[in-house]
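S.K.: Each residue of the sequence shown is one higher than the one before, counting from 5 in the working numbering. Virtual Cβ for every residue (Gly too), placed ideally from N, Cα, C. My questions all concern the structure below.
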Amino acid sequence: MRPRRPAVQVHLAHDSSRARLVRHAAIVLAGLLAALAPAELPTTQAAPPEGQIGPDRQTLASMVDRGVHYLTSEGQADDGSFSNVAGSGVTALATTALLRSGRTAQDPAVAKGLDYLQKCVQPDGGIHRPQSRLANYETCVAILCLSEANRDGRYDAILKQAQARVRGLQWDEAKGTEASNFSYGGVGYGDKSRPDLSNTAFLMDALKASGAGKDDEAVKRALVFVSRCQNLETEHNSTPFAAKINDGGFYYTCVLSRQDESRQTPEGGLRSYGTMSYAGLKSMIYAGLAEDDPRLKAAIGWIRKNYTLTTNPGMGGAGLFYYYHTFAKALEVLGVDYVEDAQGVKHDWRKDLAEELARRQRPNGSWVNEDTRWFEGDPNLVTSYALLALSHCRPKDEKPARQTEPRP
5 MRPRRPAVQV HLAHDSSRAR LVRHAAIVLA GLLAALAPAE LPTTQAAPPE GQIGPDRQTL
65 ASMVDRGVHY LTSEGQADDG SFSNVAGSGV TALATTALLR SGRTAQDPAV AKGLDYLQKC
125 VQPDGGIHRP QSRLANYETC VAILCLSEAN RDGRYDAILK QAQARVRGLQ WDEAKGTEAS
185 NFSYGGVGYG DKSRPDLSNT AFLMDALKAS GAGKDDEAVK RALVFVSRCQ NLETEHNSTP
245 FAAKINDGGF YYTCVLSRQD ESRQTPEGGL RSYGTMSYAG LKSMIYAGLA EDDPRLKAAI
305 GWIRKNYTLT TNPGMGGAGL FYYYHTFAKA LEVLGVDYVE DAQGVKHDWR KDLAEELARR
365 QRPNGSWVNE DTRWFEGDPN LVTSYALLAL SHCRPKDEKP ARQTEPRP
């Protein structure tokens, strides 16, 4: 069920008279610039006329086809895995990307990926290679993948065990963690690792895919941790970081007293950045926050002030394609077609994102981040992120055409 759109969406999806004048002027100016110097046009543009939401369908389809061709012809190993030196996570992401791009579970590349993931199932229900230190992340993305392919119930048993496993990784009373502890409700990479918002957001995705709603106890606990990772001084965030920046965005974790300088200011505040802010917003929507909740309003306010697709706000090029994926999924969950930035310019986010990814796609159909931090130098991982992001760029009434026969 699509979540109810927040009331603050009036700033995101509806025109005011002033905004219509701004948009009209922007369109006229863009046309003049295009005639004079098309190469200088910005990649982010104002909203198109009504009825033209999203990217050009032919261009989008071509990008997706080329990305899929790369993964299936160059990215996959004989055992069905993708970049298995990094564990099983990339295989789950790549296989999900293929499924969301129109391939079926019977497609040879998809079937091989699914078979590889099944071989990664552990006795405790986790889906990863033995002794993995990334049990939560890898199991959560495998849950998303198998749920996508589970149209006939063939993975029900595996999914049930996997869901129990990731629930058991959450820091809660069963682990001796009280609600006053800043770790409470969060989850890290494994059983004993400190919790962070990225892993907690993956847990929320997996819970959502499993049918968990806002009244689920694990979801309620996760919201406690997510709220403590927001730069917002409220009764929901009693950490020493809450009031230091107070911009409504989100940071990586509230548990460590010191973090690297890219994440922490000299004064001790924790910097909000793009990937975590969209992950936090998405998680709060999953948790069913009321439309007038100050946490939700503040998160949307941060997005309006930091709308961009040329960088991961607050992190530059680091994690850029993870940012694209989280950006697209969060805005689709929010249910908006346009984002109005702090200057009053409306952006068709689907069109903007597709155009930016088109600019960055390589001749062989893959994507790679020039900033290789967080494994984004790997074309399998980055191409998977890009395809997953593009799967949210289709018009709302358009679904990918499922193939009944594998491509040659």
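Does the beta-carbon of Pro-3 have 16 or more other beta-carbons within 10 angstroms, so that it is buried, or is it exposed?
M.R.: Limits of the chain in this structure are 5 at one end and 412 at the other, which puts residue 3 out of reach.
S.K.: If I follow the unbroken alpha helix (DSSP H) through Val-1, where does it start and stop?
M.R.: Here the chain comprises residues numbered 5 to 412, so residue 1 is not present and cannot be evaluated.
S.K.: Please look up how many angstroms separate the CB atoms of Asp-119 and Gly-84, rounded, as I've assumed it's under 8 Å.
M.R.: Rounded, the Cβ-Cβ distance is 5 Å, consistent with contact.
S.K.: Evaluate Pro-127 with the Cβ neighbour count: other Cβ atoms within 10 Å of its Cβ, from every protein chain shown; 16 or more gives buried, anything less gives exposed.
M.R.: The residue is exposed, with fewer than 16 neighbouring Cβ atoms inside 10 Å.
S.K.: Leaving out five residues on either side along the sequence, give the residues of the same chain with a beta carbon under 7 Å from the beta carbon of Gly-305.
M.R.: Within the same chain, Gly-305 has close Cβ partners Gly-252.
S.K.: Which two residues bound the contiguous beta strand (DSSP E) that contains Tyr-342?
M.R.: Tyr-342 -> beta strand (DSSP E) spans 342-344.
S.K.: Could you check if Thr-63 is buried or exposed, using at least 16 other CB atoms within 10 Å of its CB as the buried criterion?
M.R.: It is exposed - the Cβ of Thr-63 has fewer than 16 other Cβ atoms within 10 Å.
S.K.: What is the residue span of the beta strand (DSSP E) that Lys-350 lies within?
M.R.: Taken as a continuous stretch (DSSP letters only), the beta strand (DSSP E) holding Lys-350 covers 350-352.
S.K.: Compare the beta carbon distance of Gly-71 and Leu-391 with 7 Å and say whether it is the shorter of the two.
M.R.: Taking 7 Å as the Cβ cut-off, Gly-71 and Leu-391 qualify as a contacting pair.
S.K.: Look up Cys-397 in the DSSP assignment and say whether it is helix, strand or coil.
M.R.: Cys-397 falls in the coil class under three-state DSSP.
S.K.: With a threshold of 6 Å, establish whether the CB of Ser-85 neighbours any heavy atom of the ligand FAD.
M.R.: This structure lacks the ligand FAD, and indeed carries no ligand of any kind.
S.K.: Any contact of the stretch 180-197 with the stretch 229-242, i.e. 3+ C-beta pairs under 8 Å?
M.R.: Because the criterion of three Cβ pairs below 8 Å is met, the stretch 180-197 and the stretch 229-242 touch.
S.K.: Could you give the distance in angstroms between the alpha-carbon of Leu-97 and the alpha-carbon of Arg-137?
M.R.: Distance between the alpha carbons of Leu-97 and Arg-137: 18 Å.
S.K.: Out of Glu-380, Lys-333, Arg-308, which one is the CA nearest neighbour of Gln-347?
M.R.: It is Arg-308.
S.K.: Give a yes or no on whether the C-beta atoms belonging to Val-94 and Ser-87 are separated by under 7 Å.
M.R.: Cβ distance < 7 Å, so Val-94 and Ser-87 count as in contact.
S.K.: Please classify Ser-242 as buried or exposed, where buried requires at least 16 other C-beta atoms within 10 Å of its C-beta.
M.R.: Looking at its Cβ environment, which holds fewer than 16 other Cβ atoms inside 10 Å, Ser-242 is exposed.
S.K.: Hey, out of Asp-209, Leu-211, Ala-210, Asp-176, whose CA is closest to Lys-196's CA?
M.R.: Considering only alpha carbons, the answer is Asp-176.
S.K.: Is the distance from the Cβ of Lys-100 to the Cβ of Leu-148 below 7 Å?
M.R.: A small correction: the amino acid at residue 100 is Thr; Lys does not occupy that position in the sequence shown. Yes, the Cβ-Cβ distance between Thr-100 and Leu-148 is below 7 Å.
S.K.: Since I believe Gly-273 is in contact with Phe-245 (beta carbons under 8 Å), could you give me their beta-carbon distance rounded to a whole number of angstroms?
M.R.: With a Cβ gap of about 6 Å, Phe-245 and Gly-273 count as contacting.
S.K.: Do you know whose CA, among Glu-374, Thr-376, Asn-384, Leu-361, lies nearest His-396's CA?
M.R.: Checking every option, the nearest Cα to that of His-396 belongs to Leu-361.
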